[in-house]
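Novice: Chains as they are written, first to last, in my numbering: chain D, 925 to 1255; chain C, 925 to 1255.
Glycine included, C-beta positions come from ideal geometry on N, C-alpha and C.
My questions will all concern the structure given below.
Number of protein chains: 2
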Amino acid sequence: MKRPTIHDVAAAAGVSRGTVSRLLNGDKYVSPAARVAIERAISETGYVVNRAARSLVTQRTGSVVMVLSEPYEKLFEDPNYSTLIRVAIKMLAERDLSLVMMLAGDAGDRERVVRYVRGGHADGVLLVSTHAGDPLVEALGSGPPAVSCGAVIGQESVIPYAAADERLGARQMTEYFVAQGRRRIAMITGPMDTPGGIQRLEGFAEVLGRKATSKLIAHGDWTQASGERAMADLLERTPDIDAVFVASDLMAAGALAALRAAGRSVPEDVAVGGFDDSSVAVSTHPPLTTIRQPLTEMAQETIRLLLALIDGAGQLEPVILPTELVIRESA
Amino acid sequence: MKRPTIHDVAAAAGVSRGTVSRLLNGDKYVSPAARVAIERAISETGYVVNRAARSLVTQRTGSVVMVLSEPYEKLFEDPNYSTLIRVAIKMLAERDLSLVMMLAGDAGDRERVVRYVRGGHADGVLLVSTHAGDPLVEALGSGPPAVSCGAVIGQESVIPYAAADERLGARQMTEYFVAQGRRRIAMITGPMDTPGGIQRLEGFAEVLGRKATSKLIAHGDWTQASGERAMADLLERTPDIDAVFVASDLMAAGALAALRAAGRSVPEDVAVGGFDDSSVAVSTHPPLTTIRQPLTEMAQETIRLLLALIDGAGQLEPVILPTELVIRESA
DNA sequence: AAAGCTTCTGTGAACGTGCACAGTAAGGCA
DNA sequence: TGCCTTACTGTGCACGTTCACAGAAGCTTT
Chain D
925 MKRPTIHDVA AAAGVSRGTV SRLLNGDKYV SPAARVAIER AISETGYVVN
975 RAARSLVTQR TGSVVMVLSE PYEKLFEDPN YSTLIRVAIK MLAERDLSLV
1025 MMLAGDAGDR ERVVRYVRGG HADGVLLVST HAGDPLVEAL GSGPPAVSCG
1075 AVIGQESVIP YAAADERLGA RQMTEYFVAQ GRRRIAMITG PMDTPGGIQR
1125 LEGFAEVLGR KATSKLIAHG DWTQASGERA MADLLERTPD IDAVFVASDL
1175 MAAGALAALR AAGRSVPEDV AVGGFDDSSV AVSTHPPLTT IRQPLTEMAQ
1225 ETIRLLLALI DGAGQLEPVI LPTELVIRES A
Chain C
925 MKRPTIHDVA AAAGVSRGTV SRLLNGDKYV SPAARVAIER AISETGYVVN
975 RAARSLVTQR TGSVVMVLSE PYEKLFEDPN YSTLIRVAIK MLAERDLSLV
1025 MMLAGDAGDR ERVVRYVRGG HADGVLLVST HAGDPLVEAL GSGPPAVSCG
1075 AVIGQESVIP YAAADERLGA RQMTEYFVAQ GRRRIAMITG PMDTPGGIQR
1125 LEGFAEVLGR KATSKLIAHG DWTQASGERA MADLLERTPD IDAVFVASDL
1175 MAAGALAALR AAGRSVPEDV AVGGFDDSSV AVSTHPPLTT IRQPLTEMAQ
1225 ETIRLLLALI DGAGQLEPVI LPTELVIRES A
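Quick look at the structure:
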């Protein structure tokens, strides 16, 4: 059996294609009589509009593409994605937009994304974890509107975004350590080509000033293993550390393991602070004192920005949302 | 500037639309001369085929929809999704299929999914965590082919799937406890309307036989909190437990907390075994002995099934993959 | 030399929409 | 009465493909 078309509906309702189309697209000039006849015809025939045909004439696709710029192996290590995907699907569905997922981890994938987007297959682009200097941003050029969840370093003024106030979060944790009377406060950062890597360190340095020497700073790559390594490094370089601010919960879990291996007790000998308030924060022992990012709102604001752009808004300002200190037992 | 069409490419290459179309679709009858001319014209004009137009005539959409049947709040609690999404995007991209994500948590969402799929907007359906008796399965009816990652209870013979050998995993863990000389072995299951809930309990019971009394079995809902509650229950009902097999790592993390609160040491007093080998398994203290599921292969096999069906394969058998015992410090 | 393959090419029609336009009927106003 | 507005409806065309078909050119076979 063939799928019913708008013709079938029109015939069943005793009106013309045009009138059905008008009803479907919310045009105001449809008589009450026609309206009920068409609505009955639609439910009787089980008609569903053919998006391909529509998109052929409207030049819109009814879909938004989410571009994940992580290398394949590291994809989804960051639990923030889940929230973003969830919120995106939900909010887009309300506008009858569907969410298409694409990878942009290597050059081949990027090429595919560019072809897809420039080929007009999406009404909007949702960038995720796009790194500094990613050629993708340029290649996307003057296509459909793009936004990012989290800043794209170096493109802050061209790609609107919603993000947590990373600096604020780092200051909150560092100030908490200071208020507790900790005197040798170290930090394990994320990669220095990501907003979280850079700005959390900045916030840390803002509070400690010249006390934040390079001997007290180690770098990780967000993984648990890198956190463990960095912590071991720090303990070797500066054994009298009494607090450490780790730029992610996952790395903090690694740091806890290193501290345990070195025989330091947490929080008595060394206070440990994480960042993210992710699920690992409560499964470690002791549970992590950490910084909560308003993930849901970040995602919502990101989508809101994108929808506004799709609706034709001009330049839009970034949205920066406050973080919150969550005190548990590790500090 | 308008996007170039197949006409523009044909004109630039000095051939007709038909020839360009044949080249694009891999028809064998294209002369070498025409081939190079067209290829140059394509790269000069930056032509990208318009999927909407194509799909209008071919009745194929070039996309597969992944349907997530969890209620909105619990979505993505299970880390397995990440792997599936990742593998799906990758494998589908190789076939130039794009992945669309949809939610089917409540009746409204389900209705949307059904409209979408029956409206012919997807070439295939990828079911995830569809529960027993979900009306979605029926509603999808005779649409495009559907597969599931993990069995859909009650629909095993109609929806092909790839899954881990849940029973085997449960037996491996239980036998390990027995071999260690543990005598009072309890279990915390998942929800009894999921394959993991049912079959892991079955494997457990297969090994213990009549020793698996209901006093030794508690039920959770996959959450960490439920694991903690279930463990507390068990300790109250049967204080002399010396091992517990928990049907997920996340719940096992909760169980560890309950054991710590009760003053039992792990693994000395009570051995704890998890399931999944997820990231929490290594961030708990002590790290969890657990069952590894071959997540990547499960995902790969699922997609492979779907692709085969899209290519016109008939009835397909489920693919069941072996699990593996991973020994850490909790048992 | 005619007939029959094989290889390659161009053309018209169709897919199912939305939109611009033309057209109708009813009512208000001069 | 005639004209203008408002509310509504029908029709032709265009969107960019693929596909079936017809036909041309070069070979091989009869």
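Taking the Cβ atom as the reference point for each residue, do H931(D) and R941(D) lie within a distance shorter than 9 Å?
Specialist: It is a contact, given that the beta carbons lie within the stated cut-off.
Novice: Three or more C-beta pairs closer than 8 Å, one from the region 1148-1156 of chain C and one from the region 1169-1179 of chain C: is that the case here?
Specialist: Cβ pair count under 8 Å is three or more, so yes.
Novice: Hey, is F1000(D)'s beta-carbon within less than 9 Å of any beta-carbon in chain C?
Specialist: True, the Cβ-Cβ gap to chain C drops below 9 Å.
Novice: From V1052(C) to A1205(C), what distance separates their C-alpha atoms?
Specialist: If you take the alpha carbons of V1052(C) and A1205(C), they lie about 23 Å apart.
Novice: In the region 933-957 of chain C, which residue ranges form an unbroken alpha helix (DSSP H) of at least 4 residues, counting only runs that do not cross its ends?
Specialist: Fully enclosed alpha helix (DSSP H) runs of 4 or longer: 941-948.
Novice: Please list the residues of the region 1009-1024 of chain C that have a C-beta atom closer than 8 Å to any C-beta atom in chain D, keeping them in chain order.
Specialist: Of all residues in the region 1009-1024 of chain C, I1009, R1010, I1013, K1014, A1017, S1022, L1023, V1024 have a Cβ within less than 8 Å of some Cβ in chain D.
Novice: Do you know whose CA, among A1232(D), A1255(D), V1076(D), A1075(D), lies nearest D1193(D)'s CA?
Specialist: Taking only the C-alpha atoms, the option nearest D1193(D) is A1255(D).
Novice: Going by the beta-carbon positions, is the gap between V973(C) and L948(C) smaller than 9 Å?
Specialist: Going by C-beta atoms, V973(C) is nearer than 9 Å to L948(C).
Novice: For T1208(D), go through chain C and note every residue whose CB falls closer than 8 Å to its CB, in chain order.
Specialist: The contacting residues are S1207, T1208, H1209.
Novice: Hey, how far is the Cα of P928(C) from the Cα of A1223(D)?
Specialist: Whole-angstrom Cα-Cα distance: 35 Å.
Novice: Quickly, what does DSSP pair M1026(D) with across the bridge? List them, please.
Specialist: Its beta-bridge partners are V991(D).
Novice: State the DSSP-derived secondary structure class of R1019(D), mapped to helix, strand or coil.
Specialist: R1019(D): coil per DSSP, three-state reduction.
Novice: Compare the Cα-Cα distances from T985(C) to each of S1081(D), P1119(D), A976(D) and report the closest residue.
Specialist: Closest option to T985(C), Cα to Cα, is A976(D).
Novice: Report back the beta-carbon spacing between L1233(D) and V1076(D) to the nearest angstrom; my notes put them in contact at under 8 Å.
Specialist: Not really, about 15 Å apart at Cβ, beyond 8 Å.
Novice: Take every Cβ of the region 1214-1223 of chain D, pair it with every Cβ of the region 1042-1060 of chain D, and state whether three or more of those distances are shorter than 8 Å.
Specialist: With a cut-off of 8 Å, the region 1042-1060 of chain D and the region 1214-1223 of chain D do not count as touching, because too few Cβ pairs lie within range.
Novice: Using 8 Å for Cβ pairs, my map puts P1068(C) next to V1041(C). What's the rounded Cβ distance?
Specialist: Contact flag correct, Cβ pair sits at about 7 Å.
Novice: Are the beta-carbon atoms of G1127(D) and T1098(D) separated by less than 9 Å?
Specialist: Cβ distance < 9 Å, so G1127(D) and T1098(D) count as in contact.
Novice: Taking contact to mean 3 or more Cβ pairs, one atom from each stretch, closer than 8 Å, check whether the region 1083-1102 of chain D and the region 1013-1032 of chain D are in contact.
Specialist: Result no; under three Cβ-Cβ pairs closer than 8 Å.
Novice: On the criterion of 16 or more Cβ atoms from any shown chain inside 10 Å, does E1018(C) qualify as buried, or is it exposed?
Specialist: Exposed, since its Cβ has fewer than 16 Cβ neighbours within 10 Å.
Novice: On the criterion of 16 or more Cβ atoms from any shown chain inside 10 Å, does M1111(C) qualify as buried, or is it exposed?
Specialist: By the neighbour-count rule (16 or more Cβ atoms within 10 Å), M1111(C) is buried.
Novice: If you measure between the beta carbons of L1231(D) and A1086(D), is that distance less than 9 Å?
Specialist: Cβ distance not < 9 Å, so L1231(D) and A1086(D) don't count as in contact.
Novice: Taking 9 Å as the cut-off, decide whether the C-beta atoms of A1149(C) and G1178(C) are in contact.
Specialist: The answer is yes: Cβ separation under 9 Å.
Novice: To the nearest angstrom, how far is the alpha carbon of R1106(C) from that of I1165(C)?
Specialist: For R1106(C) and I1165(C), the distance between alpha carbons rounds to 9 Å.
Novice: Is the Cβ-Cβ distance between S1207(C) and S1006(D) less than 9 Å?
Specialist: No, these two residues do not count as a Cβ contact at 9 Å.
Novice: When Cβ atoms are compared, which residues of the region 1044-1063 of chain C fall closer than 9 Å to chain D?
Specialist: Of all residues in the region 1044-1063 of chain C, G1044, H1045 have a Cβ within less than 9 Å of some Cβ in chain D.
Novice: Around the Cβ of R1134(C), are there at least 16 other Cβ atoms within 10 angstroms (buried) or fewer (exposed)?
Specialist: Under this definition R1134(C) is an exposed residue.
Novice: Going by other Cβ atoms of all chains shown within 10 Å of its Cβ, with 16 needed for buried, is G938(D) buried or exposed?
Specialist: Exposed, by the Cβ-count rule.
Novice: Would you mind stating whether A1103(D) and L1050(D) have Cβ atoms separated by less than 9 Å?
Specialist: Not closer than 9 Å, so no.
Novice: Taking its Cβ as the centre, do 16 or more other Cβ atoms sit within 10 Å of T1118(C), making it buried, or is it exposed?
Specialist: Under this definition T1118(C) is a buried residue.
Novice: Helix, strand or coil: how does DSSP classify A1167(C) here?
Specialist: Of the three classes helix, strand and coil, the one that applies to A1167(C) here is strand, per DSSP.
Novice: Which first and last residues belong to the beta strand (DSSP E) in which E1080(C) is found?
Specialist: Taken as a continuous stretch (DSSP letters only), E1080(C) belongs to no beta strand (DSSP E), as it is neither H nor E.
Novice: If you drop the 5 nearest sequence neighbours on each side, which residues of the same chain put their C-beta closer than 8 Å to that of K1139(C)?
Specialist: Cβ within range, chain order: R1161, T1162.
Novice: If you draw a straight line from the alpha carbon of G1032(D) to that of L1174(D), how long is it in whole angstroms?
Specialist: Approximately 30 Å between the Cα atoms of the pair.
Novice: Taking the beta carbon of E994(D) as the centre, do at least 16 other beta carbons fall within 10 Å, making it buried, or is it exposed?
Specialist: E994(D) is buried by the Cβ-count criterion.
Novice: Is there a Cβ from chain C that is less than 9 Å from the Cβ of D1145(D)?
Specialist: With 9 Å as the cut-off, D1145(D) does not count as an interface residue toward chain C.
Novice: Is there at least one Cβ from chain D nearer than 9 Å to T929(C)'s Cβ?
Specialist: No - not a single Cβ of chain D is within 9 Å of the one on T929(C).
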